[in-house]
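If you count by UniProt numbering, then the sequence shown holds residues 1 to 259, one letter each, in order. Comments concern the structure below.
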Amino acid sequence: MEKSKKINIDYNSYRSVKSFNSRVRFLVMHYTALNFSGSVNALTGPLVSAHYLVPDLTDPTYISAGFKEQRIFNLVDEKERAWHAGVSAWGNRTNLNDNSIGIEIVNQAKDVSGVFTFPPFNDEQIEAVKQLALNILQRHPDISPTHVIGHSDIALGRKSDPGAAFPWFTLYQAGIGAWYDEETKCKYIAQYTQNPLSNDEAIKLFKKYGYNTSEAATPVGLQKLVRAFQLHFRQDKYDGLLDVETSAILAALAKKYMG
1 MEKSKKINID YNSYRSVKSF NSRVRFLVMH YTALNFSGSV NALTGPLVSA
51 HYLVPDLTDP TYISAGFKEQ RIFNLVDEKE RAWHAGVSAW GNRTNLNDNS
101 IGIEIVNQAK DVSGVFTFPP FNDEQIEAVK QLALNILQRH PDISPTHVIG
151 HSDIALGRKS DPGAAFPWFT LYQAGIGAWY DEETKCKYIA QYTQNPLSND
201 EAIKLFKKYG YNTSEAATPV GLQKLVRAFQ LHFRQDKYDG LLDVETSAIL
251 AALAKKYMG
């Protein structure tokens, strides 16, 4: 039998420059809940991964590894699917590993029997996160402000990272992610003080903004949803109760970003 002639693939003569787009639609923030050494071991093992790891330069295990200055470690190429989001949902998307970039930030938050401790992040570490996020957003313009989210936003009740100490507003001021307008919030506070937002109305706004509301019809499901929202947008009180301020922030965000 005559041997088939090898056919070369031409990668250069013709290129489609308009009729395709990036798989990346989301930027997801995490904390590791481990020190640097433990984070590296976990994220380079067989179970979980992330595209980037941002260490805390004051971490003794970071120093003992021979590092002195703030670094950012690229663990998985952005073209690849890192295993950081797990079971997740936002808007009409599920399994966000498929279309997101994950940033893991070394922070030793703790959960002891449901009681959370969220240590502050290092300032230089957050500066590194800002620079990295801005770089990613510049290269992936399809990531809208409302698609810069935390693990807790997309895995309701299952995850709490990046936690109540993560400076979302600081990132927003740098041009990263979404935040509400204070004036609009105050208007809604006045409105909802007189006529509180009902659970059903709130659930509609949560869904409109992007949150998964599939379990929100139950008291436990609604509490998980509200707590996740508060961890991002009302961090001084994240008890999962739909109070006037939480309702006002939700309405202000929906008005600003969803019309």
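All C-beta atoms, glycine included, are put in the ideal place defined by N, C-alpha and C.
Nearest to residue i by alpha carbon, out of the options?
| i | options | result |
| --- | --- | --- |
| N21 | L205, D142 and D243 | D142 |
| E201 | V28, N95, A254 and S39 | A254 |
| S64 | N35, L53, N74 and L75 | N35 |
| V40 | R25, F73 and K18 | F73 |
| G175 | A164, T193, Y192 and P145 | P145 |
| C186 | A251, I7 and S160 | A251 |
| F26 | G240, V48 and E78 | E78 |
Is residue i helix, strand or coil by DSSP?
| i | result |
| --- | --- |
| I136 | helix |
| F116 | strand |
| G150 | strand |
| Y192 | helix |
| I72 | coil |
| V54 | strand |
| F36 | helix |
| N199 | helix |
| Y62 | helix |
| A178 | coil |
| Q235 | coil |
| T170 | helix |
Per DSSP, which one or two residues make a beta bridge with residue i?
| i | result |
| --- | --- |
| D111 | F116 |
| F26 | S100 |
| T94 | A89 |
| Y31 | I105 |
Enumerate in chain order the residues of its own chain whose CB-to-CB distance from residue i is below 8 Å, with the five nearest sequence positions on each side excluded.
| i | result |
| --- | --- |
| residue 293 | The structure shown does not extend to residue 293, since the chain is modelled only from 1 to 259, so the question has no answer here. |
| N97 | R81, A82, W83, H84, A85, G86 and S88 |
| R234 | E245, T246 and I249 |
| T44 | L75 |
Taking 7 Å as the threshold (C-beta atoms), are residue j and residue i in contact?
| i | j | result |
| --- | --- | --- |
| G150 | M29 | yes |
| H51 | D153 | no |
| A109 | F118 | yes |
| A165 | P120 | yes |
Between residue i and the rest of its own chain, which residues show a CB-CB distance below 6 Å, the 5 nearest in sequence each way excluded?
| i | result |
| --- | --- |
| A216 | I203, L222 and L225 |
Keeping to the same chain, check which residues put their C-beta closer than 7 Å to that of residue i; ignore five residues upstream and five downstream.
| i | result |
| --- | --- |
| I91 | Note on identity: in this sequence residue 91 is Gly, with Ile being the wrong assignment. Around G91: G210. |
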